[in-house]
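Colleague:
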Amino acid sequence: AISIEQKTVSHNPRSTVGTVTEIYDYLRLLFARVATQYCYNCGRTVQKQTTDQIIGSIMKLPEGTKAQILSPVVKGRKGHYRELFEEIVRDGFIRVRVDGVVREITKGMQADRYKVHNIEIVVDRIIVKKDARPRIADSVEVALKFGAGVIIVSTDQQPQVDGGSPPSRSRQKKSKAASATPAPATTDLLFSKHLSCPVCNISYEEPAPNSFSFNSPYGSCKTCDGLGEIKELDLGLIMPDDSLSINKEGIAALGKPRQTWVFSQIKAVGKRYGFDFDTSIKKISKQGKEVLLHGGGGEKFEIEYTFASGRSVTYKHRFSGVLEILKAQYNDTNSNNVREWVEAYMSTRACLECKGGRLRKESLAIKLSDVRTEKMYNIHDVVSLSIDKAARFFRDLKLTERQMLIGSQILKEIRQRLDFLLNVGLDYLTLDRPARTLSGGEGQRIRLATQIGSQLVGVLYILDEPSIGLHQRDNKKLISSLKELRDLGNTVLVVEHDKEMIESSDYVIDLGPGAGEHGGHLVTFGPPTKLQLRNDTIQTNGNGFDGVSYTAQYLFGKRSIPVPKERRRGNKKALTVQGATGNNLKDVALRIPLGKLIAVTGVSGSGKSSLIGETLFPILSRKFYKSKVVPLPFKKIEGIQNIDKVIDIDQTPIGRTPRSNPATYTGLYTHIRDLYTQ
Numbered sequence: 000a001i002s003i004e005q006k007t008v009s010h011n012p013r014s015t016v017g018t019v020t021e022i023y024d025y026l027r028l029l030f031a032r033v034a035t036q037y038c039y040n041c042g043r044t045v046q047k048q049t050t051d052q053i054i055g056s057i058m059k060l061p062e063g064t065k066a067q068i069l070s071p072v073v074k075g076r077k078g079h080y081r082e083l084f085e086e087i088v089r090d091g092f093i094r095v096r097v098d099g100v101v102r103e104i105t106k107g108m109q110a111d112r113y114k115v116h117n118i119e120i121v122v123d124r125i126i127v128k129k130d131a132r133p134r135i136a137d138s139v140e141v142a143l144k145f146g147a148g149v150i151i152v153s154t155d156q157q158p159q160v161d162g163g164s165p166p167s168r169s170r171q172k173k174s175k176a177a178s179a180t181p182a183p184a185t186t187d188l189l190f191s192k193h194l195s196c197p198v199c200n201i202s203y204e205e206p207a208p209n210s211f212s213f214n215s216p217y218g219s220c221k222t223c224d225g226l227g228e229i230k231e232l233d234l235g236l237i238m239p240d241d242s243l244s245i246n247k248e249g250i251a252a253l254g255k256p257r258q259t260w261v262f263s264q265i266k267a268v269g270k271r272y273g274f275d276f277d278t279s280i281k282k283i284s285k286q287g288k289e290v291l292l293h294g295g296g297g298e299k300f301e302i303e304y305t306f307a308s309g310r311s312v313t314y315k316h317r318f319s320g321v322l323e324i325l326k327a328q329y330n331d332t333n334s335n336n337v338r339e340w341v342e343a344y345m346s347t348r349a350c351l352e353c354k355g356g357r358l359r360k361e362s363l364a365i366k367l368s369d370v371r372t373e374k375m376y377n378i379h380d381v382v383s384l385s386i387d388k389a390a391r392f393f394r395d396l397k398l399t400e401r402q403m404l405i406g407s408q409i410l411k412e413i414r415q416r417l418d419f420l421l422n423v424g425l426d427y428l429t430l431d432r433p434a435r436t437l438s439g440g441e442g443q444r445i446r447l448a449t450q451i452g453s454q455l456v457g458v459l460y461i462l463d464e465p466s467i468g469l470h471q472r473d474n475k476k477l478i479s480s481l482k483e484l485r486d487l488g489n490t491v492l493v494v495e496h497d498k499e500m501i502e503s504s505d506y507v508i509d510l511g512p513g514a515g516e517h518g519g520h521l522v523t524f525g526p527p528t529k530l531q532l533r534n535d536t537i538q539t540n541g542n543g544f545d546g547v548s549y550t551a552q553y554l555f556g557k558r559s560i561p562v563p564k565e566r567r568r569g570n571k572k573a574l575t576v577q578g579a580t581g582n583n584l585k586d587v588a589l590r591i592p593l594g595k596l597i598a599v600t601g602v603s604g605s606g607k608s609s610l611i612g613e614t615l616f617p618i619l620s621r622k623f624y625k626s627k628v629v630p631l632p633f634k635k636i637e638g639i640q641n642i643d644k645v646i647d648i649d650q651t652p653i654g655r656t657p658r659s660n661p662a663t664y665t666g667l668y669t670h671i672r673d674l675y676t677q
């Protein structure tokens, strides 16, 4: 039996719709096998380097550059490698670099078998100069042999000419005797007989599936660490209301002034630029605000600081600015509380290096070409598509005969999984949508699509209300998917209230007749067209529930929910949001009449949650509760004065401890305790 629950698929920020459905795994394999590597610098197709070209690139390094020529033999694998070290010694080498540290090979030497390692043979240590070319040529040939056509040249400085790939990693070598003064950073240059740009002389590794993994150091963008976004201080959160003074928390991140070094510095800045703690932020001069936020550079201020003992001392000191102070607190602390405090004044934006693609530039320069349209796509272009558009893209994609020979089976798997997602009404999701942002219903339908794709037979599937949050337009697709699961030879057990779902089932089991102590009876069962309206064998002490099958009565039209003939007039006031453009919203102008029951509806993915949950609610939360949650973009809001609070009632569990119950949550238990103390 397999239970498909309604819960968030994953809270991991790296988990996406593509990774959860395994479509991204097939995309990584497809791009590694049939896509073409282009140079990220000039856009040309990369070619393989010759040995002479590699030697020439090394000789172009500045005269006197110290370097080590290394042969990579282990890359990103676990193991102790004792036998490998013994074999390297037999081949005549005495040093290896293990995880960036050069070590002399000793008898019985081994690495930590449970950690991932990178191991390179130190073939030679050289100094670049004209008469060293023969030695360098010999060492390069040996290194290429043991490195399977790939070598690493580790230099003691940044190269001043083109040569090899850009730095893949830098390290600070620290002396045991004087760790406070680190040695100059070393730079690794990659050279390969396999792939290289003939113009820029930049070497590339052979594409592999992990080249497209944002969970791997070999594929992820180094700037954002594979997240596609970075956090940065948001001036709108640090100074949310420029009509406030510093005394009234105009610098929200610092709070009210206290006798601290930071506020002593700010006081000194204000003294020089003509403002004090009672001056509103908007009245501070442009130059004064610039120094307040970004610092005064080399300018020194007379800062008067009073110690707890009451003794005052005046210092001449530079001021780095509020933003730099917050950055330093965030980067230098080991305290989670301090980091959370600073993060409250940060917002996220797309990484400028990968532009949200999560991968390093070498991987994003690997592209798939459509023979028919001659358009080229990298893997980020594909995962940015909605599932509906991605399905059409792969249906229409034309590859060369050689590419189809290699990738036809991979394409088949991708197309099948996309079709399964379409059939459960998830056509609007994009493959790069973070899994943590999915609703419980969306997560359940993704799991359902995955199970259909697994083609299991003879399984009992249990689903809890899969239609929740699903528009009626998409309900039929869900029902068709459940029937498809049944037709494979499985049993599908669905806990459901939806009328269409009940009518589409083969067999109905109705429990009741009421809830709690009035329930627990099997009222009726059978095909949906043959359910009994009541079961006279069930007696519930004359409380109105005797044997009634409410399910059957509503199903057959014996009962219905009356539609009111008149609607409430409301209080003639309204709340208006203009220019909402977050996610898929198209400059929406929203007017909400107050004092009424308002339904916000639309097909799945139409923008309901974006408009209400991610735009309106955060706006009001910031106004009433000083929330740090940033709303999606909008132009203005009017009518806030017509309400005094906002409450978000969602579907998250109300209690997380075994001691929590309805009485404690609602506050009733407090009154019960008070009663017993009297």
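Counted from 1, the sequence shown has number 532 at position 533 by the numbering used here; the numbering is strictly sequential.
Glycine included, every Cβ here is placed at the ideal spot set by N, Cα and C.
Write down the C-beta distance between T580 and P632 rounded to the nearest angstrom, noting that I regard them as a contact closer than 8 Å.
Modeller: Along the sequence shown, read from residue 1 onward, the residue named residue 580 stands at position 581. Along the sequence shown, read from residue 1 onward, the residue named residue 632 stands at position 633. Contact flag correct, Cβ pair sits at about 5 Å.
Colleague: Under the three-state reduction of DSSP, which class applies to I22: helix, strand or coil?
Modeller: Position 23 of the sequence shown holds residue 22. In the structure shown, I22 sits in a helix (DSSP, three-state: H, G or I).
Colleague: Can you grab the Cα-Cα spacing for the pair K299 / R13, in whole Å?
Modeller: One-based indexing of the sequence shown puts residue 299 at position 300. One-based indexing of the sequence shown puts residue 13 at position 14. One C-alpha to the other measures close to 45 Å.
Colleague: Could you have a look at L425 and say whether DSSP puts it in helix, strand or coil?
Modeller: Locating residue 425 in the sequence shown gives position 426, where the first residue counts as 1. Residue state, collapsed to three classes: coil.
Colleague: Buried or exposed, going by whether 16 or more other CB atoms sit within 10 Å of the CB of S308?
Modeller: Numbered from its first residue, the sequence shown carries residue 308 at position 309. Exposed is the call here.
Colleague: Could you give the residue range of the beta strand (DSSP E) that holds D123?
Modeller: Position 124 of the sequence shown, counted from the start, is the residue given in the question as residue 123. First-last of the beta strand (DSSP E) with D123: 115-126.
Colleague: Please report the Cβ distance between S9 and V19, rounded to the nearest whole angstrom; I am assuming they are in contact, meaning their Cβ atoms lie under 8 Å.
Modeller: In the sequence shown, counting from the first residue as 1, residue 9 sits at position 10. In the sequence shown, counting from the first residue as 1, residue 19 sits at position 20. About 7 Å; that satisfies the 8 Å criterion.
Colleague: Report the residue from E637, L363, W260, E613 whose alpha carbon sits nearest the alpha carbon of Q36.
Modeller: By 1-based counting over the sequence shown, the position of residue 36 is 37. Comparing Cα-Cα distances from Q36 to each of E637, L363, W260, E613, the minimum goes to L363.
Colleague: Can you give me the Cβ contacts of Y113 inside the same chain, cut-off strictly under 8 Å, excluding the 5 residues immediately before and after it?
Modeller: In the sequence shown, residue 113 corresponds to position 114, counting from 1. Contacts found: K77.
Colleague: May I ask you to report which of helix, strand or coil DSSP gives H193?
Modeller: Stepping through the sequence shown from its first residue, residue 193 is reached at position 194. Of the three classes helix, strand and coil, the one that applies to H193 here is coil, per DSSP.
Colleague: Give the single residue among I508, Q471, V337 whose Cα lies nearest to the Cα of G525.
Modeller: For this step, residue 525 is matched to residue 526 along the sequence shown. Closest option to G525, Cα to Cα, is I508.
Colleague: Can you give, in chain order, each stretch of the alpha helix (DSSP H) that sits fully within the region 596-669 and has at least 4 residues?
Modeller: 607-610, 616-624, 661-665, all fully within the region 596-669.
Colleague: In the structure shown, what three-state DSSP assignment does Q677 receive?
Modeller: Taking the first residue of the sequence shown as position 1, residue 677 is located at position 678. Note: Q677 maps to coil in three-state DSSP.
Colleague: Buried or exposed for E373, going by 16 or more other Cβ atoms inside 10 Å?
Modeller: To locate residue 373, count along the sequence shown from 1; it is residue 374. Exposed is the call here.
Colleague: Could you tell me the distance, in whole angstroms, from the CA atom of G513 to the CA atom of T536?
Modeller: Numbered from its first residue, the sequence shown carries residue 513 at position 514. Numbered from its first residue, the sequence shown carries residue 536 at position 537. Roughly 15 Å between the two C-alpha positions.
Colleague: Short check: CB of M500 to CB of S479, under 7 Å?
Modeller: Indexing the sequence shown from 1 puts residue 500 at position 501. Indexing the sequence shown from 1 puts residue 479 at position 480. In this structure, S479 does not lie closer than 7 Å to M500 by Cβ.
Colleague: Does A0 pass the burial test, meaning 16 or more other C-beta atoms within 10 Å, or should it be called exposed?
Modeller: For the purposes of this step, residue 0 is taken as residue 1 along the sequence shown, with counting starting at 1. So A0 ends up on the exposed side.
Colleague: How should Y460 be labelled, buried or exposed, when 16 other C-beta atoms within 10 angstroms of its C-beta is the threshold for buried?
Modeller: Working through the sequence shown from its first residue, we reach residue 460 at position 461. Classification for Y460: buried.
Colleague: Considering F393, what are the terminal residues of the alpha helix (DSSP H) in which it resides?
Modeller: As a working note, residue 393 is residue 394 in the sequence shown. Note, F393: alpha helix (DSSP H), 386-395.
Colleague: Looking at the structure shown, is Y344 part of a helix, part of a strand, or coil, going by DSSP?
Modeller: Looking up residue 344 in the sequence shown gives position 345. The answer is coil: DSSP assigns Y344 none of H, G, I, E or B.
Colleague: In chain order, what are the residue ranges of uninterrupted beta strand (DSSP E) at least 3 long that sit wholly in the region 305-334?
Modeller: With a minimum length of 3 residues, the continuous beta strand (DSSP E) runs that stay inside the region 305-334 are 311-317.
Colleague: How about F145 and S70: are their beta carbons less than 7 Å apart?
Modeller: Walking along the sequence shown from the start, residue 145 turns up at place 146. Walking along the sequence shown from the start, residue 70 turns up at place 71. Their beta carbons are under 7 Å apart, which means F145 touches S70 by this criterion.
Colleague: May I ask you to verify whether the region 442-459 touches the region 38-49, counting CB pairs closer than 8 Å and requiring at least 3?
Modeller: They do not touch, by the three-pair rule.
Colleague: Could you check the C-alpha separation between V321 and D673 for me, to the nearest Å?
Modeller: Taking the first residue of the sequence shown as position 1, residue 321 is located at position 322. Taking the first residue of the sequence shown as position 1, residue 673 is located at position 674. Distance between the alpha carbons of V321 and D673: 49 Å.
Colleague: When DSSP labels each residue in this structure, what does M375 get in the three-state scheme?
Modeller: Counting from 1 along the sequence shown, the entry for residue 375 is found at position 376. In the structure shown, M375 sits in a strand (DSSP, three-state: E or B).
Colleague: For G578, does the three-state DSSP call read helix, strand or coil?
Modeller: Here the question's residue 578 lines up with position 579 in the sequence shown. Note: G578 maps to strand in three-state DSSP.
Colleague: Out of S2, V121, L447, which one is the CA nearest neighbour of I93?
Modeller: On the sequence shown, position 94 is the one that residue 93 refers to. Nearest C-alpha to I93: V121.
Colleague: Kindly indicate the opening and closing residues of the alpha helix (DSSP H) around V139.
Modeller: Along the sequence shown, one-based indexing puts residue 139 at 140. Looking at the DSSP string, the run of the alpha helix (DSSP H) that includes V139 is 132-145.
Colleague: Using only alpha-carbon positions, find the residue among G638, C220, R435 that is nearest to K572.
Modeller: The residue labelled residue 572 in the question sits at position 573 within the sequence shown. Taking only the C-alpha atoms, the option nearest K572 is G638.
Colleague: Could you have a look at A349 and say whether DSSP puts it in helix, strand or coil?
Modeller: Against the sequence shown, residue 349 aligns to sequence position 350. Strand, per DSSP.
Colleague: Measure the alpha-carbon distance for G518 versus L510 and round it to whole angstroms.
Modeller: By 1-based counting over the sequence shown, the position of residue 518 is 519. By 1-based counting over the sequence shown, the position of residue 510 is 511. Their Cα atoms are separated by approximately 7 Å.
Colleague: State the CB to CB distance for the pair L194 and E205, rounded to an integer number of angstroms; the pair is presumed to be in contact (CB under 8 Å).
Modeller: Here residue 194 refers to the residue found at position 195 of the sequence shown. Here residue 205 refers to the residue found at position 206 of the sequence shown. With a Cβ gap of about 6 Å, L194 and E205 count as contacting.
Colleague: Let's test the definition: count the other Cβ atoms within 10 Å of the Cβ of F306 and tell me whether it reaches 16, buried, or not, exposed.
Modeller: Here residue 306 refers to the residue found at position 307 of the sequence shown. With fewer than 16 other Cβ atoms within 10 Å, it is exposed.
Colleague: So for Y460, helix, strand or coil by DSSP?
Modeller: Locating residue 460 in the sequence shown gives position 461, counting from the first residue. In the structure shown, Y460 sits in a strand (DSSP, three-state: E or B).
Colleague: Assuming I409 and L28 form a contact by the criterion Cβ under 8 Å, report the distance between their Cβ atoms to the nearest whole angstrom.
Modeller: In the sequence shown, residue 409 corresponds to position 410, counting from 1. In the sequence shown, residue 28 corresponds to position 29, counting from 1. Correct: roughly 6 Å between the Cβ atoms.
Colleague: Take E62 as the anchor and find which of D331, I126, Q258 has the nearest alpha-carbon.
Modeller: Counted from its first residue, the sequence shown places residue 62 at position 63. That would be I126, whose Cα lies nearest to the Cα of E62.
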